[in-house]
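Worksheet: the structure to be examined is printed underneath.
There are 2 protein chains.
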Amino acid sequence: MLTIYGMTDSGNCYKPRLLMALTGRPFRHVEVSFLDGGTATPAFRAKNPNGKVPLLELDDGRLLPESNAILLYLGEGTPFVPDDPFERALMASWMFFEQYSHEPYVAVRRSLIVYAAMRREASADRLAETFEQGNRALGVMETRLAASPFLAGAAPSLADICLYAYTHVAAEGGFDLSLYPAVGGWLERLAGLPGYRPLQWRPAD
Amino acid sequence: MLTIYGMTDSGNCYKPRLLMALTGRPFRHVEVSFLDGGTATPAFRAKNPNGKVPLLELDDGRLLPESNAILLYLGEGTPFVPDDPFERALMASWMFFEQYSHEPYVAVRRSLIVYAAMRREASADRLAETFEQGNRALGVMETRLAASPFLAGAAPSLADICLYAYTHVAAEGGFDLSLYPAVGGWLERLAGLPGYRPLQWRPAD
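Heads up: the protein sequence lines correspond to chains A and B, in order.
Heads up: the first sequence begins at 146 in the numbering used here, then just goes up one per residue.
Heads up: the second sequence begins at 146 in the numbering used here, then just goes up one per residue.
Below, the structure is given as structure tokens:
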């Protein structure tokens, strides 16, 4: 069975768990967190030299880091990857947008506020910059979702799973989602998908 | 003919140009730079609400932002995308690594030093953080490239084109590449590929 090493409360780690839930595929969850140093141990660094979760381990021991690459690998052949090459490219484009223009602000601001271990990094400048840039990213999503039901087109794709992860908990980072009504409607459509599970969900041991 | 909007000196914009050179495919280059406000004009924001280059425009007007999504779209069917699904996923994994763990430090430190317009953002703290995290990213690449000739496996892929872009000019950001001999050998292998063109290359008008 596939193993996903991850931290329960992390949006990046939720992404592959949500895809597995939506596609009804079993997997094993192993809790590894940066909060207690779990991602910094020599044993974990031997598996992922970049020291980050999630990390996917196949039955034969092969290892794949990066949440969005795990989505692309596990998503192949599911309805969450469009057949059309340009829609597939748009899907990937939103996933790179997420890692560069959204996660470092929307997710990081949440972690600065939610995790006691991060609070010493929560300077006024950092909170202001992540607020400004996070709202900028949410505005880019609003423009797209005012014109399209899902990010890559008419159907939900990996891009939606990817950006749902931290957008749906953006309020925990101090963002006011009522300013982004098209994003709000999109969040509701995703939470209504068959098989949907919330952030803290993990398969029964 | 395909159009790539981009800034000549940007590594992100070099990525699709280098792929086009390596695959011998013609395209039109349109210079758009953040340095002179070109990415902030209403006309460009109508094309890419995220206000970033590169941006790919197809013959029929469809638009694709994000350098690595452009690589995935233009790379499909070329020798730079592995056939094996796991190698393809590893390729994508390194491309997400580039946008999250490498570009924000290796590329950003270069821009803080090289571009006069960026120097007011070049605080001592910012230079120290980008130096530490950039060296961390180069160390992760060194570990991989000491064990594999290219990032996704035995042959060069889009991941190598992606990470070549800012790694090969890392010295301009104050990084000492002599500390990373496996990275150095990899850079030489890439610069030796048939059709290779340097960063500043653009097709003749």
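For each residue, glycine too, the CB sits at the ideal point set by N, CA and C.
- In the assembly as shown, B:D305 is a buried residue. Its beta-carbon has 16 or more other beta-carbons within 10 Å.
- In the structure shown, A:P210 adopts extended strand secondary structure according to DSSP, grouped into three states.
- B:R170 is outside the set of residues whose beta carbon lies under 9 Å from a beta carbon in chain A.
- Interface flag for A:P194 against chain B is set, since a Cβ pair is found closer than 9 Å.
- Taking C-beta atoms as the reference points, B:G151 and B:V177 count as a pair closer than 9 Å.
- Exclusion of the five residues before and after A:R334 leaves no residue of its chain whose Cβ lies closer than 6 Å to its Cβ.
- Take the alpha-carbon of A:T275 and the one of B:N195: they are about 16 Å apart.
- Taking the Cβ atoms as the reference, B:Y159 lies roughly 5 Å from B:A310, within the contact range of under 8 Å.
- Among the bridge pairs identified by DSSP, A:V175 is matched with A:Y150.
- At least one CB atom of chain A sits nearer than 9 Å to the CB of B:N213.
- When secondary structure is reduced to three states using DSSP, B:L332 falls in the helix class.
- Remark: fewer than three beta-carbon pairs, one from each stretch, lie closer than 8 Å, so the segment 267 to 274 of chain B and the segment 249 to 269 of chain A are not flagged as touching.
- With the rule of 3 Cβ pairs closer than 8 Å, the segment 286 to 304 of chain B does not count as touching the segment 339 to 350 of chain B.
- With a cut-off of 8 Å on Cβ pairs, the segment 196 to 205 of chain B is not in contact with the segment 161 to 172 of chain A, counting fewer than three such pairs.
- Taking CB atoms only, A:R233 has a neighbour in chain B less than 9 Å away.
- For A:C307, the CB contacts under 8 Å within the same chain, skipping 5 residues up- and downstream, are K160, S212, N213, L216, W239, M240, E243 in chain order.
- Using a CB distance cut-off of 9 Å, B:E277 does not count as an interface residue toward chain A.
- The DSSP-derived three-state label of B:E221 is coil.
- A:P339 is not a Cβ neighbour of A:L147, given a cutoff of 9 Å.
- Annotation for B:E202: the continuous beta strand (DSSP E) segment containing it runs 200 to 202.
- For B:G169, the secondary structure class from DSSP, reduced to helix, strand or coil, is coil.
- In the three-state reduction of the DSSP assignment, A:N157 falls in the helix class, which pools H, G and I.
- In the DSSP annotation of this structure, the continuous segment of the alpha helix (DSSP H) that includes B:M236 starts and ends at 230 to 242.
- If you check the CB distance, A:P224 and A:R233 do not come in under 9 Å.
- Of all alpha-carbon atoms in B:A292, B:L332, B:E221, the one lying nearest the alpha-carbon of A:D229 is that of B:E221.
- By the neighbour-count criterion, in which 16 or more other beta carbons inside 10 Å mark a residue as buried, A:S302 falls on the buried side.
- For the segment 239 to 259 of chain B, the set of residues with a beta-carbon nearer than 9 Å to any beta-carbon of chain A comprises W239, M240, F241, F242, Q244, Y245, S246, E248, P249, in chain order.
- Shown here, A:D305 sits in a helix according to DSSP, grouped into three states.
- In this structure, the CA atom of A:A262 is about 43 Å from the CA atom of B:I149.
- The beta carbon of B:R162 does not come within 9 Å of any beta carbon belonging to chain A, so the residue lies off that interface.
- Pairing A:Y325 with A:G284 gives a Cβ-Cβ distance under 9 Å.
- B:P294 and A:F295 have their alpha carbons spaced roughly 39 Å apart.
- Between A:Y245 and B:Y245, the C-beta gap is smaller than 9 Å, which places the two residues in contact.
- At a cut-off of 9 Å between beta carbons, A:P326 makes no contact with chain B.
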